[in-house]
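In what follows, a structure is listed as structure tokens, so that the remarks can point back to it.
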Amino acid sequence: MFVSAALTTLALAVSQAAAHGGVLSYKIGDADYTGFKAYNTPVGQTSIQREWDTYNPITDPTDSLLSCNTNGANLGSGQQSATVAAGSQVTAYWNCGGSCTSADTASLNWFKIDEAGLISGDLPTGLWGMGELVDNNSSWTSSIPSSLAPGEYMIRHELLAIHTANQPQFYPECAQLVLTGSGTAQPSGDYLVQFPGAYSMSDPSIDIDVYSQPGVTTYIIPGPASRLRQALFLGSSFRSHAGYSPVPLHAAEVLDKCRLLDVKAGPPPDFNQRTQSDRFIPGTLPTLIKNATIWTGRVDGLEVLKGDILLDLGIIKRIGHIERSLLDDYDVLLTIDAKGGWVSPGIVDLHSHIGVLSSPGLAGSNDGNSRKGPVLPWLRALDALNTRDDAYQLSIAGGVTTSLVLPGSANAIGGQGVVIKLRSSIDRSPTGMLLENPYSVNRSEYDPSLSFRYRQMKHACGENPDRVYSGTRMDTTWAFRQGYDKARQIKTAQDEYCAKATAGRWDTLGDFPEDLQWEALVDVLRGRVKVQTHCYETVDLDDLVRITNEFKFSIAAFHHAHETYLVPKTLKSAYGHPPAVALFATNARYKRESYRGSEFAPRILADNGLLVVMKSDHPVLDSRFLVYEAQQAHFYGLSHNLALASVTTTPAEVLGQDHRIGYVKEGYDADLVLWDSHPLALGATPKQVWIDGIAQLETPFSSTKPSAFQHVPQMPNFDNEAEETLKFDGLPPLHPNHTEARTVVFTNVSSVFLIEASNIREAFRANAAQGIAVVRDASLVCSGTVSACSHMVTDSDVRYVDLEGGSISPALVTYGSPLGMEEIRSELSTMDGYVFDPLLQVVPQIVGGDAALVRAVDGLQYTTRDALLAYRAGVTVGISAPRTAGFLSGLSTAFSTGANHKLEVGALIQDVGALHVRVHHFGLAGPSVSTQIAALRNILLSKGKGEFGYWVDKVKKGDIPLVVEVHSADAMASLIRLKSEVEKELGVAIRVTFTGATEAHVLAKEIGRASIGVVISPTRPFPREWESRRILPGPPLTETNAIAVLLAHNVTVAIGVRDAWMARNTRFDAAWAALEAHGEISKARAIELASVNVEKLLGISVDDKDGDLVATRGGDLLEFSKVIGIVSPRRGVVDII
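Quick note on numbering: the numbering used here labels position 27 of the sequence shown as 443, and the sequence is numbered without any gaps.
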């Protein structure tokens, strides 16, 4: 063993223009050896080469690192040695860009076996050996002397660049050899040197200016003489050697860029070894959550643990049983007793515009869309992220801890999204909210040489970009292809450039090909950007899939994606992997491309092996209630584990963040939600939310939920409906089937609710097996026990329907949307349209001029899909007013949602219900609020004429209500004063109803005293506009909700909806309102909110015996039951659904 021996193959005096680089691999004998990968962690690397950290040179010949470069350390368990016979050849491949493992390279004695310098000509113009190295594919081959004694050696290659006098640049690299053979030679004496020590700054071969010495034809290579082999001179030619060009001064920078092109996106290799989060806030106290039922997200969402969770340093430290000794190490430990409650990962919203479409909506914070062109990959949502959005705290209150904030969908490529944590950062900046900031230039925080952080890119196809840029799908698809072709050209140029640079072929290279505008799209092609694509229809999905295969990039997820469930094979043919699908639960039919949207899409996609995500598109849907989307997906057939995963683990995976969020797992971010019930139970509300281990709710309020709510909800079976949906290409028949039997008997009935004197009472409750309800000729004739009603079943023509513990209750009524007045909101040809408004325009005389008043009944459209879906969900009556963009709406009407046309028996319930107006902030588009109040005063206190005057007189007499859509408490206060003024003048009490009424709770006492009714719409408030910003959000932020406050002040309250698709969910809205009221709202009263109270406040009179009834299976109307029957006395039918 010759531990002290050293072998140097090259000691090169090379004058190269900043030849930054190093040896990347070796060929020794017939074997190839991979070199050490500089700029990468040595952990996990194996090589014969010693560690070296940089392509940059060593400039001081006395530097201790001169022996084997920075830092020359052995690789530990990864250090290898190459076995080679004496006399073999050793080739080092350069990028111009005991045992030896324990050897200290600075203490070794080195001897030279090969060298090269000036080959011919003079110093400034001659031929140097560097040209030969370049011509040999940037490699140099040396022969190991056959006479050399066997043993373990270090082999050292070195290039020396001498640009100017006394400014050397040394590039040494070392590797380990095990030499075999029968030689005996061992160099000694002057042939041995050490590094540092072999060179000095005064050496004539180092302190030399080659440019100033024409005619000089000799160059003395520094270092010892070559004893074991004749000298072979290798150097570099600046100008004259064919095929060689000087290396540019920025070569190291270029080579660094080239190396980064191959770095993949994802967490750094050692991420799971972290002991503290990069988002940890010093001073945050550790927290112990005791006695929790933990849904971890692991094992496909099926793992549930009972135990404790320890949070510290911003991460989850322990789960399950935590040893006492560990807890004793903490001087201070915040302890929360979950009392068996459910804990889940923080909710992750894959599609949000929070912070860029801020709430309340103001012109100064509307930053969702640029209209500067269809392809804008250089835009960044971070640059518009508003930290003052009122929605952050609201969304946190719903359990949302992480959101992907995307640009809007006006553009084919709208720009880059950002992943944020919703809590405010310590510096209160947008940058501080980022999760894994991909734009950071702080290498101590983020080193892209180890791994890239994923970026997110928004794409959109179909109607939105087509509409904004007055184009067609062909135009949008070409915009995509044109943009990606530009990116591909840049990528190809970069790859070709780097291939030449790494081969040392600098002669034909100019500047590195890059373009700041297109670099993000180039990174899409490199797989380092997650593409999030707004895309609905099959034609658009197919377009995008073809584009992915043409340009070789993957789509992370299709968003909205209403037709994906119809074409799973198309998704599976996308390049790389099938995209995930981010969906609404029931929000559909608002434009043509969403017309085939189905509530069964999540389950169908999951059945086809595709990843399903439920998303908010905040503020389209309030992301505070994102878990409600998962609940509905579960209701319609998505398995419970995948439903909860759809708002936690799956979006985390799609974002490329499932190494730190989306699971309750040791080492993951301490983002957790403690729920008051199972997260999939209706109305599930956080009792506390932690982000980075910091509790977000200062004084949370919670409601006591029934014990059944602590379990996974049992959902109905919709297998037949899902099959029908696929069979009919997304448009299954929705018309109800009338039973032909004269008598229908509902069995296994657990409860019956009936209308009595315009109120609802529970008429019957019993063990389900004993309950029965008998319907004859479409009227309920008996409900109670089997023994009490069996005598009513005398016909031979009887149909029996098993409710399986279900219930019978009054059908529901919907108001607030244009249900029955439109089919597709964005398609004008499918709707009644908007009325003329006398405050905004001149009303044509043919209509009646200012005396005109439009009746909604004249524009009713039956059998719209939203109306039929509402009917199938137990909402059998719709009340709609004419659509207005201004102040005056017109006369509302009430209709049956299950009828075929208005001439059918019972289809039209009441021609005219009430007179409707709006008091609203129109901005520059319309009159002021004070002008609208003045107009209303004039209407009520002056004599009208024509149709308008006739119906206003009815309002003045109290025959019909005046219904005012109003949200602002200030406007409501003015209306209360106006009502008092008018009543004093007329001497008659007039009936007034506020609808919308977001801020009504502010004036609850005054509204009650004024005998004004309120239709709250929507039931769960959101500060969408300035005039509705003063909300009462309900638990966990406030003790109760606006509905309960108004009821407590003797206000007659009903609930409504905002959009037609929402009507079908009315029963869940009523149930949720009751759950938040701490037991103050009974089931009967909750049903009143969505039935008799709506009719009462909107002027609809229905005889108690004529009201429709709903039969539900597996629970009552306010539970996750299934509506299976409608009993309609007024229409004379019983429909079995």
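Idealized CB from N, CA, C, for every residue including glycine. Bear in mind the structure is a predicted one, so any value in this text is a computation, not a measurement.
Where residue i falls: helix, strand or coil (DSSP)
{"i": "Cys914", "result": "helix"}
{"i": "Thr949", "result": "strand"}
{"i": "Ser628", "result": "helix"}
{"i": "Thr634", "result": "coil"}
{"i": "Gly514", "result": "Bear in mind that a pLDDT of 40 at Gly514, under 50, signals an unreliable position, so the model cannot answer this."}
{"i": "Met1030", "result": "strand"}
{"i": "Gln809", "result": "helix"}
{"i": "Lys1143", "result": "helix"}
{"i": "Phe1162", "result": "strand"}
{"i": "Ala647", "result": "For Ala647, the predicted structure reports a pLDDT of 28, less than 50, and the residue's modelled location is therefore unreliable. A value from the coordinates is still provided. The answer is coil: DSSP assigns Ala647 none of H, G, I, E or B."}
{"i": "Ser652", "result": "Model confidence at Ser652 stands at a pLDDT of 31, short of 50, so the residue's coordinates are unreliable and nothing is read from them."}
{"i": "Ala1204", "result": "helix"}
{"i": "Glu879", "result": "helix"}
{"i": "Ile1325", "result": "strand"}
{"i": "Tyr981", "result": "helix"}
{"i": "Val834", "result": "strand"}
{"i": "Ile1349", "result": "helix"}
{"i": "Arg1474", "result": "coil"}
{"i": "Ile1542", "result": "strand"}
{"i": "Thr596", "result": "strand"}
{"i": "Phe1536", "result": "coil"}
{"i": "Met617", "result": "coil"}
{"i": "Trp544", "result": "strand"}
{"i": "Lys528", "result": "strand"}
{"i": "Asn688", "result": "helix"}
{"i": "Gly730", "result": "coil"}
Reference residue i; option with closest CA among the options
{"i": "Tyr1287", "options": "Glu589, Asn1481 and Gln495", "result": "Asn1481"}
{"i": "Tyr1250", "options": "Asp1213, Ser1305 and Ser1199", "result": "Ser1305"}
{"i": "Leu704", "options": "Leu727, Gly494, Ser774 and Asn688", "result": "Leu727"}
{"i": "Arg1192", "options": "Val816, Gly1200 and Met1208", "result": "Met1208"}
{"i": "Ile529", "options": "Ser493, Asp1282 and Pro603", "result": "Pro603"}
{"i": "Gly537", "options": "Gly631, Thr557 and Thr470", "result": "Gly631"}
{"i": "Leu1147", "options": "Thr1279, Thr1159 and Pro1254", "result": "Thr1279"}
Proximity below 8 Å, CB of residue i to CB of residue j
{"i": "Ser598", "j": "Ile560", "result": "no"}
{"i": "Ala972", "j": "Val997", "result": "no"}
{"i": "Lys1103", "j": "Asp1087", "result": "no"}
{"i": "Leu595", "j": "Pro566", "result": "yes"}
{"i": "Gln1047", "j": "Leu1096", "result": "yes"}
{"i": "Ala895", "j": "Pro776", "result": "no"}
{"i": "Met1030", "j": "Ser1062", "result": "yes"}
{"i": "Lys1538", "j": "Pro1132", "result": "yes"}
{"i": "Thr462", "j": "Gln496", "result": "yes"}
{"i": "Ser480", "j": "Pro588", "result": "no"}
Heavy atom of the ligand SAM within 7 Å of residue i beta-carbon
{"i": "Met1237", "result": "In the structure on display, the ligand SAM does not appear, and there are no ligands present to speak of."}
Just list the alpha helix (DSSP H) runs in the stretch 1398 to 1451, keeping only unbroken ones of 4 residues or longer that don't cross its boundaries, in chain order. 1420 to 1425
At which residue ranges does the stretch 1051 to 1137 contain complete beta strand (DSSP E) runs of 3 or more residues, listed in the order of the chain? 1088 to 1091 and 1102 to 1107
Tell me the start and end of each unbroken alpha helix (DSSP H) in the stretch 442 to 509 that is at least 4 residues and wholly inside, in chain order. none
Flag this pair as touching only if the stretch 1050 to 1059 and the stretch 1121 to 1141 have three or more C-beta atom pairs under 8 Å; answer yes or no. yes
Completely contained alpha helix (DSSP H) runs for the stretch 1239 to 1317, where each covers 4 or more residues: 1281 to 1288
Please give the ranges of any beta strand (DSSP E) in the stretch 770 to 825, keeping only runs that are unbroken, at least 3 residues long and fully inside the region. 816 to 821
Counting pairs of beta carbons, one from the stretch 1434 to 1445 and one from the stretch 1401 to 1408, are three or more of them closer than 8 Å? no
Any 3 or more C-beta pairs closer than 8 Å across the stretch 807 to 819 and the stretch 852 to 869: no
Does the stretch 707 to 723 come close enough to the stretch 679 to 688 to have 3 or more Cβ pairs within less than 8 Å? no
Pair every Cβ in the stretch 1073 to 1087 with every Cβ in the stretch 935 to 953, then say whether three or more of these pairs are closer than 8 Å. no
Which runs of the alpha helix (DSSP H) fall wholly inside the stretch 1458 to 1522 and span at least 4 residues, in chain order? 1458 to 1464, 1482 to 1491, 1499 to 1505 and 1508 to 1513
Assess, as a yes-or-no matter, whether the stretch 1174 to 1192 is touched by the stretch 1529 to 1538 under the definition of 3 or more beta carbon pairs within less than 8 Å. no
Three or more C-beta pairs below 8 Å linking the stretch 822 to 839 and the stretch 870 to 887: yes
Contact between the stretch 916 to 926 and the stretch 883 to 902: three or more CB pairs below 8 Å? no
At least three beta-carbon pairs within less than 8 Å, the stretch 1538 to 1548 to the stretch 1212 to 1232: yes
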